[in-house]
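Colleague: When we follow our numbering, the leftmost residue of the sequence shown carries the number 351, and every step to the right adds one.
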Amino acid sequence: LVVLDEGHRVKNKKASITRALQGIQTRRRIALTGYPLQNCLMEYWCMVDWIRPGYWAEEEFRREYRDPIEAGQSADASAAQLKEVKNRLYMLTEDLKGFVQRMDQTLLEA
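(1) Drop a sphere of 10 angstroms on the beta-carbon of Phe411, count the other beta-carbons inside from all chains shown, and report buried for 16 or more, exposed for fewer.
(2) Please tell me whether Leu446 and Trp400 are closer than 8 angstroms, where the distance is taken between their beta carbons.
(3) Where are the beta strand (DSSP E) runs, 3 residues long or more, that stay fully inside the region 362-448, in chain order?
(4) Shortest alpha-carbon distance to Gln455 belongs to which of Lys363, Ile419 and Gly384?
(5) Can you tell me where the alpha helix (DSSP H) holding Leu457 begins and where it ends?
(6) Could you pull out every residue in the same chain whose Cβ sits closer than 6 angstroms to the Cβ of Leu457, ignoring the five residues on either side in sequence?
(7) Which word fits Gly357, buried or exposed, when buried means at least 16 other C-beta atoms lie within 10 angstroms of its C-beta?
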């Protein structure tokens with residue numbers, strides 16, 4: 351088991367930290383991070399790819415999530431693109447539900 355604090359640092363598949371972590375042979379990987387979706391979506395993909403190697407091919411993630419989400423975030427996005435952003439974000443959340451747990455500070459207040 352590997353537990354990685356500051357998991358958002360795994361944000362580039364060519365970075366030395368990412369390559370070093372990928373070299374650790376383990377069946378279970380846990381990454382702890384603050385707010386990964388506030389960062390670049392490809393950085394998020396890289397972190398997910400470390401947790402679950404090969405879950406998505408990089409190009410598939412770009413096509414299914416990054417490209418439509420970024421298109422809808424531009425200042426001149428159409429109503430259809432804005433609707434598609436919500437749809438893709440929902441799909442992304444659902445797709446990751448089995449192994450990504452999102453919690454906020456209210457957990458600490460209980």
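Every residue gets a Cβ at the ideal spot worked out from N, C-alpha and C, and that includes glycine.
Modeller: In terms of the structure at hand:
(1) buried
(2) no
(3) 379-381
(4) Gly384
(5) First-last of the alpha helix (DSSP H) with Leu457: Thr456 to Glu459.
(6) Within the same chain, Leu457 has no close Cβ partners at all.
(7) buried
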